[in-house]
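The structure appears below as structure tokens.
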Amino acid sequence: MALNSKIPAGELEAKWEKYKSTCKLVNPANKRQLEVIIIGTGLAGASAAASLGELGYKVKTFCFQDSPRRAHSIAAQGGINAAKNYQNDGDSTFRLFYDTVKGGDYRAREANVYRLASVSANIIDQCVAQGVPFAREYGGLLSNRSFGGTQVQRTFYAAGQTGQQLLIGAYQALERQVALGNVTQYSRHEMLDVVTIDGKARGVIVRNLVTGELERHFGHAVLICSGGYGNVFYLSTNAMGSNVTAAWKAHKKGAYFGNPCFTQIHPTCIPVSGDHQSKLTLMSESLRNDGRIWVPKKQGDTRKPNDIPEEERDYYLERRYPAFGNLVPRDVASRAAKERCDAGYGVGASKQAVYLDYASAIQRYGKIEANKQGLTNADAATITQLGKDVVKEKYGNLFEMYEKITAENPYEVPMRIYPAVHYTMGGLWVDYELKTTVDGLYALGEANFSDHGANRLGASALMQGLADGYFVIPYTLGNYLADDIRTKSIPTDHPAFVEAEKAVRDRIEKLMSIKGSESVESLHKRLGKIMWDKCGMARNEQGLKEAIEEIRALKKEFWSNVRIPGEINEFNPELDKANRVADFIELGELMCMDALHRNESCGGHFREEYQTEEGEALRQDDKYMYVAAWEYKGDSQFEMHKEDLVYDIVHPTQRSYK
Amino acid sequence: MEHNSMNLTLKVWKQKNKNEKGRFETYQVKGISSEMSFLEMFDVLNEQLIAEGKEPIAFDHDCREGICGMCSMYINGRAHGPWHHTTTCQLHMREYKDGDTIVVEPWRASAFPVIKDLVVDRQAFDRIIQAGGYVSVNTGNAVDANAIPIEKHSADEAFASAACIGCGACVAACPNASAMLFVSAKVSHLAMLPQGDPERKIRAVNMVQQMDKEGFGSCTNIGACEAECPKGISLENIARLNREYLGSMLSGGSQNSI
Amino acid sequence: MSWKNYFSTSIGKKIQMSLTGLFLILFLIVHCYINAQIFWNDGGEKFKEAAHFMGTNFVIRTIEIGLFAFLILHMVQGLLLWSRNRARRNTRYAVSAGNATSKWYSRSMALLGTLILLFLVVHLNAFWGPNRLSQTTGHGELDLYVMMRDEFQSVGFVAIYVFGCISLAWHLVHGFYSSFQTLGLTTNKYKTIIHGVGIGFSIIVPLIFALMPIAFFMGWIS
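Chains as they are written, first to last, in the working numbering: chain A, 1 to 658; chain D, 1001 to 1258; chain G, 2001 to 2222.
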């Protein structure tokens, strides 16, 4: 099947407007007859459910958590970008578009990114109208902060809990639709298959996680809003339950998987403290606004950080990238940290960490504050205290969290940070309408591959999730469903439902019958280690080939030796996990295949064979300027399709943040 | 960081499902590192149980960074354990010492029935939000965000109330199993912003009625909720909810509501 | 929504508790003021004057009916709240937080209230009851001053009174602040003041009450 991205013709700026004014509409009476299934209730899912419910569609939402409000969008800390130019610092839709395309290392679709940038301002308006309490200035207007990879201040935020506030806003809008009867909400339900009839997605098989029962649900369309798959690495900043299962089932039912190897490694996470580690905790990128990152100039320096004099510290980001300094994009900052640690300059017990230091920010803010208060002869202690107060107001909750986890006081001692898996740019391939290669099957938010190319800029994930849910899908879904108004609800005793449910049941029964000796958790850990070592921050041909073999062996072991306690028809978290890990293993293999085929370095995908003399990522635009969309052809069989990326406006160059 | 290794005795509530009676089971765990989080200690225990061919303990958890509100353990008599402003997932084992006995129970409230072991059903909270915890604005109806200036103080206060993570620790800690802190946090968040103003009278009454219907107890201003809230939601929110309610009562503002 | 509906939600019931509680607090002030007249040590002259006014004034007697109505409402509603709230938790915790997260007296309002009720039975039976009985049967007012002086010669009786006042004090420490909280008046600006006044009130008023039997018993008043 040829990939058709269905990008509307015309000028870049006019494409979306034109689409909106010419797409097909569904009249209100017909909307009431059309059923939409939404899998996942994070920013993308909740905003889509609320918006579609408002329009009058009959919506069902499913989430595996106990409430839609728990979705992992809630953990996003830093902020959300929008081209409002409230700061009058030269921002514009075009600049946001340009920064995003460049930040994505020229592997994103121009038209999608432009649409994203152009609706970004509406998102802020919408959220404020819902009562999202963004940070404000004393004049009562909205405040902005800067973020990595940009030179303007366009990030809106709510302390270090922006994701939480945006998700609660979307959740409230969703609950309102539930109250109005437009949306039916299913919590603790996990989607285990998509049902297709005549090549169209027509429903899902879900498992009630409390009772273990399988349920069939019909929908005229199915929206996958189930987030990213960072947990394939076992250790990541994702929630414990975040999984690829819904997306993977869609993939196996015909939806192509786009650029699976594009993984974002976030530079500022709390380092691993031991083998017991179950997840990694992110420290907001906003900390790089004021914090300075450094390592000792001497290899293997064991002195305490505060004993190392200024001239013996290597502020390597400021040294290498004077223009952007500590605010280089995430992929660049992560690789630079890894480079220093690999070269023997790492700090802390594990030597797998660098310092993020607030000492100079405290002094700087302290002096400003002393000036403000007219303290002309303030002593050092006063200035330090004033500075700490300012830092506390800006980042207090993050500092508190750091201290809880590490038992170190970051006001006194520099924080130790190390990169960790955070986001996956890859995902289900979608066209301009967010439709996958299966008719009636859509993917929104992190679950799709679309807008971030090979690297996502900070504060853009929230923007994309909400753009897809609030402002894109209400139009594009209507355009599809307008042709489906004559389709009556298909009864769920249709053979396709029966067959899909049987396949799901068989698989669960097979899993339960293995009764081996390895726990799901330990197999997942092993998968994660293979992925991190060989398909993580740096990859090479040999490692990837080994990884593919190792994963295949692991898959065999999983299916012959996994031990799942408990019963099928009860609340059984181990079984839920086994279902997910089985899919992660298959995905891991595909990720390695994708990484292996892409003989270039771009964004989050760094192949050691392809780097400049200075160690920067080296793209091969003549060969790889395309989206690799993988089709599932059977066990371990995937066929790649290419969607060539055409840059009409932005001219790809070697990214430079120097 | 110094790693201490410890052995602990755990007394954990086991309950097969909503209908069956629960009981305490005693477990021993060895070699727990002081750097582990409380839930990682449970991971160790569960791995041990699986290896022994026993059934692991079911507990709710997800983000493990203190924001999703999913984790919910009542540890030695304290909702989310002894640390101030901390969820169970952020509680670390350096709090404990070798040989300690830790009693772990689920949130106990009639409105939060036990699903299994330490997992409870908190859908009552969703239904309370459905009763009015929102601003009725459809997508695409918004004016420019800066068209509504909001005093910084009000915005900050609204944020402080909106920081609630809906974990239910307030209910768990309250001797009356009241959900007033949760309800008041949402009512306050929206009452302090101009966007929430048009519906404020109906909202307060409807959310309180739903709270009653769900079978939560009533607030008697004991204050255990505030003491145990991992996000520091203050009792002032409850005063504000009371004010909103009285305002509605005295002005007859909710004539059209249920 | 009707007044009845407004008053029947959980907050509505708390408003009933708060308003009746505040009325009872006002009553305590008046009662305390009247009875404190004994401390003039004038053989009960000023006290008798005040007691006569309170016992015979038409307005006061009318309010007295309201007082009893409110008292009963406060008691009944309080006990109902207590029993309903207890039922909100089917299984008790094996380990409870105890005083780590809240004050014992805040958790024990029903118990303290019941103790006060028992004390009230004794108290009304000793003074108010006989006096009103005498009035209604046409025998005129009794000399409450003399009755007090006589009754408070018994150690046991004095002890009951002191114990009653202590219960009242703890009940007030929570109740005073709580009634303002329920009316939503404990804003950031005022809560410290309300808290302080509440504690002061809870100490001073019961203390004055407790000093009355003690003063008679110790012979400070003759």
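All C-beta atoms, glycine included, are put in the ideal place defined by N, C-alpha and C. Please read these numbers as outputs of a predicted model, since none were measured by experiment.
Burial state of G/Ser2154, where buried means 16 or more other Cβ atoms lie within 10 Å: Exposed.
Excluding the five sequence neighbours on either side, which residues of its own chain have a C-beta within less than 8 Å of the C-beta of A/Met537, listed in chain order? So the qualifying residues of the chain are Ile265, Ser334, Arg335, Lys338, Pro419 and Phe606.
Taking only runs of the alpha helix (DSSP H) that begin and end inside the segment 1045-1133 of chain D, which ones reach a length of at least 4 residues, in chain order? Within the segment 1045-1133 of chain D, the complete alpha helix (DSSP H) runs of at least 4 residues are 1123-1130.
Reducing DSSP to helix, strand and coil, say where D/Lys1030 ends up. Note: D/Lys1030 maps to strand in three-state DSSP.
Tell me which residue opens and which closes the alpha helix (DSSP H) that A/Asp389 is part of. Residues Ala380 to Thr406.
Buried versus exposed call for G/Ala2159 [16 or more other C-beta atoms within 10 Å across all chains shown]: Around the Cβ of G/Ala2159, a 10 Å sphere holds fewer than 16 other Cβ atoms; the residue is exposed.
Residues near A/Lys642 by beta carbon distance below 6 Å, same chain, minus five either side: Within the same chain, A/Lys642 has close Cβ partners Tyr626.
Once DSSP output is grouped into helix, strand and coil, what is the label at A/Phe638? In this structure, A/Phe638 counts as strand in the three-state DSSP scheme.
Contacting residues, own chain, Cβ-Cβ under 7 Å from A/Arg655 (five flanking each side not counted): Once the five neighbours on either side are set aside, the close Cβ partners of A/Arg655 are Lys102 and Asp105.
Measure the alpha-carbon distance for A/Asp576 versus D/Gln1048 and round it to whole angstroms. Between the alpha carbons of A/Asp576 and D/Gln1048 lies a gap of roughly 19 Å.
Say whether chain A places a C-beta atom closer than 7 Å to the C-beta of D/Ala1109. Answer no: the Cβ-Cβ gap between D/Ala1109 and chain A never drops below 7 Å.
For a test of the three-state rule: what should DSSP assign to A/Tyr355, helix, strand or coil? In this structure, DSSP gives A/Tyr355 an extended state, which the three-state scheme calls strand.
Express the C-alpha separation of A/Met401 and G/Met2017 in angstroms, rounding to a whole number. Just so you know, the alpha carbons of G/Met2017 and A/Met401 end up roughly 41 Å apart.
Take A/Gly160 as the anchor and find which of A/Asn144, A/Pro8 and A/Gly346 has the nearest alpha-carbon. Comparing Cα-Cα distances from A/Gly160 to each of A/Asn144, A/Pro8 and A/Gly346, the minimum goes to A/Asn144.
Rounded to the nearest angstrom, what separates A/Gly348 and G/Gln2181 at their Cα positions? Cα to Cα, the separation comes out at about 50 Å.
Comparing C-alpha positions only, which one of D/Ala1191, D/Ala1079, D/His1092 and D/Tyr1134 sits nearest to A/Tyr171? Ranking D/Ala1191, D/Ala1079, D/His1092 and D/Tyr1134 by Cα distance to A/Tyr171 puts D/Tyr1134 first.
Of all the CB atoms in chain A, is at least one closer than 7 Å to the CB of D/Lys1231? The beta-carbon of D/Lys1231 is placed no less than 7 Å from the nearest beta-carbon of chain A.
Could you have a look at G/Ile2060 and say whether DSSP puts it in helix, strand or coil? In the structure shown, G/Ile2060 sits in a helix (DSSP, three-state: H, G or I).
What residue does the alpha helix (DSSP H) around A/Thr424 start on, and which one ends it? Run containing A/Thr424: none in the alpha helix (DSSP H); it sits in the beta strand (DSSP E), Met415 to Thr424.
Give the DSSP bridge partners of A/Trp630, in chain order. BP columns for A/Trp630 point to A/Phe257 and A/Met640.
Name the two residues that bound the continuous alpha helix (DSSP H) containing D/His1153. Segment Lys1152 to Ala1162, the alpha helix (DSSP H) holding D/His1153.
Local Cβ density within 10 Å of G/Val2121, reported as buried at 16 or more and exposed below that: With fewer than 16 other Cβ atoms within 10 Å, it is exposed.
Determine, using beta carbons only, whether D/Ala1160 comes closer than 7 Å to chain B. Of the chains in the structure shown, none is chain B; the protein chains are A, D and G.
Can you name the residues that DSSP bridges to A/Cys602? Beta-bridge pairing links A/Cys602 to A/His605.
Delimiting residues of the beta strand (DSSP E) encompassing A/Gln185: Note, A/Gln185: beta strand (DSSP E), Val183 to Tyr186.
Examine chain D for any beta-carbon lying closer than 7 Å to the beta-carbon of A/Ala87, and answer yes or no. Residue 87 of chain A is actually Gln in this sequence, not Ala. False, the Cβ-Cβ gap to chain D never drops below 7 Å.
Below-7 Å beta-carbon distance, A/His641 vs any chain D residue: Judged by the 7 Å Cβ criterion, A/His641 is not in contact with chain D.
Please compile the residues from chain A whose C-beta is within a distance smaller than 7 Å of the C-beta of D/Ser1033. Against D/Ser1033, the close residues of chain A are Gly274 and His276, in the order they occur along the chain (beta-carbon pairs closer than 7 Å).
State yes or no: is the beta carbon of G/Thr2009 nearer than 7 Å to at least one beta carbon in chain D? It does; some Cβ of chain D falls within 7 Å.
With DSSP collapsed to three states, give me the class of D/Phe1024. Secondary structure of D/Phe1024 (DSSP, three-state): strand.
Interface positions of the segment 1067-1085 of chain D facing chain A (Cβ-Cβ less than 7 Å), listed along the chain: Against chain A - using a Cβ distance shorter than 7 Å - the residues of the segment 1067-1085 of chain D are Ile1067, Cys1068, Gly1069 and Met1070.
Are the CB atoms of A/Gly465 and A/Gly445 nearer to each other than 7 Å? In contact: A/Gly465 and A/Gly445 (Cβ atoms closer than 7 Å).
Nearest by alpha-carbon distance to D/Tyr1245: which of G/Pro2213, G/Asn2041 and G/Leu2183 is it? Nearest to D/Tyr1245 by alpha-carbon distance, out of G/Pro2213, G/Asn2041 and G/Leu2183, is G/Leu2183.
For D/Asn1256, which residues from the same chain have a beta carbon less than 6 Å from its beta carbon, with the 5 sequence-adjacent residues on both sides left out? Reliability fails at D/Asn1256, whose pLDDT of 48 lies under 50, so the model's placement of it is uncertain and no value is given.
If you pair each beta-carbon of the segment 438-455 of chain A with each one of the segment 126-146 of chain A, do three or more pairs fall below 8 Å? With the cut-off at 8 Å, the segment 438-455 of chain A and the segment 126-146 of chain A do not touch.
Note down, in chain order, all residues in the segment 201-214 of chain A with a beta-carbon under 8 Å from any beta-carbon belonging to chain D. Taking 8 Å as the Cβ-Cβ cut-off against chain D, the residues of the segment 201-214 of chain A that qualify are Val210.
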